[in-house]
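Protein chains in written order, with this note's numbering: chain A, 288 to 499; chain B, 20 to 29.
Okay, structure coming up:
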């Protein structure tokens, strides 16, 4: 465990907690894409099936359980508890355009043609694009609440830190996982435009709004 | 070690 990986996991956790607290405290999930959150629940579920087959550490197991629990809590809040505030009219990204290609790719490009490994690969590919419905929603409405921006920023930082983690591991452990690295790169690139807006607008105290 | 069968990352 190096510092990049630990800070990456931490910012991932912070992102999720920010969003959970935002929804819970404001009793509203306005501006949040339920589709992205549902995709993340699928991502965690398909990736962490190794909870049943493979013990790595208490840290590893604990974080996996927390991520899964949080992702389902999020889906429950959006589609059940605070359903009335969910902005479904603006959450119109077609998720089949993400799920189908990533599923097909997971069958074609994987480390090992076994059910668990294919599901793991699928989750890596799907995670890299799962934020698109949320980014699409922001671009459609032309703005995001500041707290939603913080969430997106922390989530983007997480994968960026993982890139440094992979450089570190390659350098010092000779370890690399090409599937994770390529998908992680794609994922980070998707956040770049948002990073720019976040730094130039949100950090200067302005609400994130896109030019018309 | 390409082909990490043991995924230790989150």
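Virtual Cβ for every residue (Gly too), placed ideally from N, Cα, C.
Measure the alpha-carbon distance for residue 481 of chain A versus residue 382 of chain A and round it to whole angstroms.
21 Å
Does DSSP put residue 472 of chain A in a helix, in a strand, or in coil?
helix
Between the C-alpha atoms of residue 457 of chain A and residue 373 of chain A, what's the straight-line distance to the nearest angstrom?
43 Å
From the beta carbon of residue 28 of chain B, is the nearest beta carbon of chain A less than 8 Å away?
yes
Return the first residue and the last residue of the alpha helix (DSSP H) that residue 398 of chain A is part of.
It is not in any alpha helix (DSSP H) - residue 398 of chain A carries neither H nor E in the DSSP assignment.
Using only CA atoms, which one of A/326, A/444, A/317, A/422 lies nearest to residue 471 of chain A?
A/444
Could you give the distance in angstroms between the alpha-carbon of residue 320 of chain A and the alpha-carbon of residue 438 of chain A?
12 Å
CA-CA distance, residue 360 of chain A and residue 455 of chain A?
34 Å
Please list, in chain order, the chain B residues whose beta carbon lies closer than 8 Å to that of residue 350 of chain A.
29
Within its chain, find whatever has a CB closer than 7 Å to the CB of residue 441 of chain A; leave out the 5 residues flanking it on each side and keep chain order.
298, 301, 302, 305
To the nearest angstrom, how far is it from the Cα of residue 21 of chain B to the Cα of residue 386 of chain A?
For residue 21 of chain B, the predicted structure reports a pLDDT of 41, less than 50, and the residue's modelled location is therefore unreliable. A value from the coordinates is still provided. Cα to Cα, residue 21 of chain B sits roughly 26 Å from residue 386 of chain A.
Coarse secondary structure for residue 29 of chain B, derived from DSSP in three states:
coil
Cβ-based burial, residue 461 of chain A [other Cβ within 10 Å; buried from 16]
exposed
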